[in-house]
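As numbered in the UniProt record's numbering, residues 1 to 377 make up the sequence shown, in order.
Presented below is the structure to which this report refers.
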Amino acid sequence: MTDMPHAMMLPPRSGDATREAYWGELQTFLEAEVRPGFRAHYRDVVAPALAADPGRTLDWRGIAAAMRRYGPNRAWYVARTEAQRQAFDASRVIVDGQVDALAERAAALGNGPATLEIDPALPFPDYVQQDAHNMTGGYEDHGQHHPLAAGATYDRALSIHRVAAMGPLVDDVGHSIAARLTQAFPDFAPRRILELGCTVGHTLLPFKAAFPDADVVGVDVSGPCLAFGAARASALETAVTFSQRNAEHTGYPDESVDLVFSRILLHETCEAATRAVFAECHRLLRPGGIMFHSDAPPFDELDPYDQSLRDWDIHFNAEPFMAGYYAMNLEEEFDRAGFRRDAMFRLYAPSLIVQRGYRAEQTRTRGGRYFLAGARK
1 MTDMPHAMML PPRSGDATRE AYWGELQTFL EAEVRPGFRA HYRDVVAPAL AADPGRTLDW
61 RGIAAAMRRY GPNRAWYVAR TEAQRQAFDA SRVIVDGQVD ALAERAAALG NGPATLEIDP
121 ALPFPDYVQQ DAHNMTGGYE DHGQHHPLAA GATYDRALSI HRVAAMGPLV DDVGHSIAAR
181 LTQAFPDFAP RRILELGCTV GHTLLPFKAA FPDADVVGVD VSGPCLAFGA ARASALETAV
241 TFSQRNAEHT GYPDESVDLV FSRILLHETC EAATRAVFAE CHRLLRPGGI MFHSDAPPFD
301 ELDPYDQSLR DWDIHFNAEP FMAGYYAMNL EEEFDRAGFR RDAMFRLYAP SLIVQRGYRA
361 EQTRTRGGRY FLAGARK
């Protein structure tokens with residue numbers, strides 16, 4: 001592998017590349033080819049048994065517990081967990097061998113166009129899992145303390161392992177959501193855009209492309225992700241700001257933002273933090289501004305079996321707050337934060353990559369769309 005998507009991702013040695021690709025392909029195979037076949041066992045065996053037992057509730061927890069007694073599904077849990085862990089470890093081995101070269105490149109890119117604001121005194125939230133997604137060290141790189149490695153690993157793993165679904169820059173979600181938002185609100189022209197929990201900027205940079213005249217800022221609590229993200233953005237010649245702040249209380253002035261959003265952030269926060277984020281969004285927005293949060297569809301958008309598929313993430317992928325977030329009534333929570341009911345919305349953004357047929361034979365994506373829910377102030 002020699003063609004890298006940007007200058008902050010370096011080519012690995014061939015053996016390391018082979019191991020990285022293997023674990024990435026195994027993850028895709030397990031998700032796209034193996035797991036869908038278990039639905040037949042649920043339909044033919046589990047669902048009738050649960051329906052016949054008056055003492056059991058046909059909810060996602062009961063379904064997940066019953067499905068874990070199915071041998072092939074138990075084996076899937078083990079294989080999927082190990083594949084996830086090994087995939088991140090394979091990418092981390094590559095990054096650890098390149099940290100000096102990455103640091104040199106980041107230093108050379110330090111004069112922009114991206115801007116980095118680091119606050120080393122900012123406390124890291126205790127609810128954030130240290131090994132989120134089975135990535136050793138997590139977003140903060142606990143126990144390693146290299147200023148770039150966690151961000152480089154996260155970017156590399158998603159780019160290599162998910163390239164067929166999200167593109168080499170892992171930016172299909174951002175471009176797709178920005179396009180859908182423009183379609184839904186054709187007269188909306190934000191001057192200042194803020195992403196909460198931006199990690200390395202996969203979603204942030206597409207919003208700068210969609211709204212080039214806007215001041216675009218991403219905040220996150222992870223210094224290593226922000227440091228890498230700023231270097232990556234400069235390598236891609238994109239003028240955005242990465243700032244180390246907590247999404248629950250960013251410190252920006254009241255009514256200073258026109259668009260505030262998050263992507264796959266809130267299922268990693270506790271319930272109290274999620275509510276604080278919604279309140280912060282309302283405080284930050286100017287009148288007429290828009291808030292939205294994009295994540296996997298909440299439970300009320302899914303049937304009980306599809307809800308039960310989150311069981312693996314909750315219990316084996318270090319994402320314990322998923323159940324609470326996906327069970328939330330989002331409209332009630334937005335109302336609690338101060339948004340009007342008649343200004344709320346739910347949308348699905350069709351994947352632009354899927355529409356274009358990008359690597360369609362390898363994508364194996366089902367649905368090809370991204371969920372978002374929000375409100376206008």
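Ideal Cβ placement from N, Cα and C applies to all residues, glycine included.
Per DSSP, what are the beta-bridge partners of residue 290 in this structure?
Its beta-bridge partners are 259, 376.
Contained beta strand (DSSP E) runs [length at least 3] in the UniProt domain "Methyltransferase" (193 to 289), N- to C-terminal order
Unbroken beta strand (DSSP E) stretches of 3 residues or longer found wholly inside the UniProt domain "Methyltransferase" (193 to 289): 215 to 220, 241 to 244, 257 to 263, given in chain order.
Taking the alpha-carbon of residue 35 as reference, which of 356, 306, 332 has the nearest alpha-carbon?
The shortest C-alpha separation from residue 35 is found at 306.
On the three-state DSSP scale, how would you describe residue 117?
Under the three-state reduction of DSSP output, residue 117 falls in the strand class.
Hey, is residue 316's beta-carbon within less than 9 Å of any beta-carbon in chain C?
Looking for chain C here will not work: only one protein chain is present.
When the Cβ atoms of the segment 335 to 344 are set against those of the segment 91 to 98, are three or more pairs found closer than 8 Å?
As far as the Cβ criterion goes, the segment 335 to 344 does not touch the segment 91 to 98, which means the pair count is below three.
May I ask you to report which of helix, strand or coil DSSP gives residue 363?
Any reading at residue 363 must be qualified, since the residue scores a pLDDT of 46, below 50, and its modelled position is unreliable; the value itself is stated next. Three-state result, residue 363: helix.
Alpha carbon to alpha carbon, how far is residue 60 from residue 308?
In this structure, the alpha-carbon of residue 60 lies about 4 Å from that of residue 308.
For residue 102, which option in 8, 343, 289, 300 has the closest C-alpha, if you only look at C-alpha atoms?
Nearest C-alpha to residue 102: 8.
Report the option in 285, 227, 31, 141 whose CA atom is closest to the CA atom of residue 150.
Checked all of 285, 227, 31, 141; the closest Cα to residue 150 is 141.
Count the other CB atoms within 10 Å of the CB of residue 20; is the residue buried (16 or more) or exposed (fewer)?
Buried, because 16 or more other Cβ atoms sit within 10 Å of the Cβ of residue 20.
For residue 276, which residues from the same chain have a beta carbon less than 6 Å from its beta carbon, with the 5 sequence-adjacent residues on both sides left out?
Shown here for residue 276: same chain residues with a beta carbon closer than 6 Å to its own, the five before and five after excluded, namely 248 in chain order.
Looking only at its chain, what residues have a beta carbon closer than 7 Å to the beta carbon of residue 352, apart from the 5 residues adjacent to it on each side?
Excluding residues within five positions, the ones whose Cβ falls inside 7 Å are 172, 175, 176, 179.
Whether or not the segment 203 to 212 and the segment 86 to 95 are in contact is what I'm after, with contact meaning three or more pairs of Cβ atoms, one per stretch, closer than 8 Å; do they touch?
No, the segment 86 to 95 does not touch the segment 203 to 212.
Return the residue from the list 56, 254, 168, 134 that minimises the CA-CA distance to residue 84.
The shortest C-alpha separation from residue 84 is found at 134.
Simplified DSSP state of residue 40, which is helix, strand or coil
Of the three classes helix, strand and coil, the one that applies to residue 40 here is helix, per DSSP.
So who's on the other strand from residue 371, going by DSSP bridges?
Looking at the DSSP assignment, residue 371 forms a beta bridge with 295, 348.
Buried or exposed, going by whether 16 or more other CB atoms sit within 10 Å of the CB of residue 145?
Exposure of residue 145 is indicated by the presence of fewer than 16 other C-beta atoms within 10 angstroms of its C-beta.
Residue 364 to residue 295 span [Cα, whole Å]:
With a pLDDT of only 46 at residue 364, under the threshold of 50, the placement of this residue in the model should not be trusted, and no figure is reported.
If you draw a straight line from the C-alpha of residue 30 to the C-alpha of residue 106, how long is it?
Going by the C-alpha atoms only, they are around 36 Å apart.
Those runs of the beta strand (DSSP E) which lie wholly inside the segment 76 to 146 and span at least 3 residues
You should have 115 to 117.
Considering residue 6, what are the terminal residues of the alpha helix (DSSP H) in which it resides?
The continuous stretches of alpha helix (DSSP H) do not include residue 6, and DSSP gives it neither H nor E.
Residue 174 - containing alpha helix (DSSP H), residue span:
172 to 184 is the span of the alpha helix (DSSP H), which, as asked, contains residue 174.
Can you give the Cα-Cα distance for residue 182 and residue 108, rounded to whole angstroms?
Taking the straight line joining both Cα atoms gives about 36 Å.
Considering only the beta carbon of each residue, do residue 201 and residue 268 sit closer than 9 Å?
Between residue 201 and residue 268, the CB-CB gap reaches or exceeds 9 Å.
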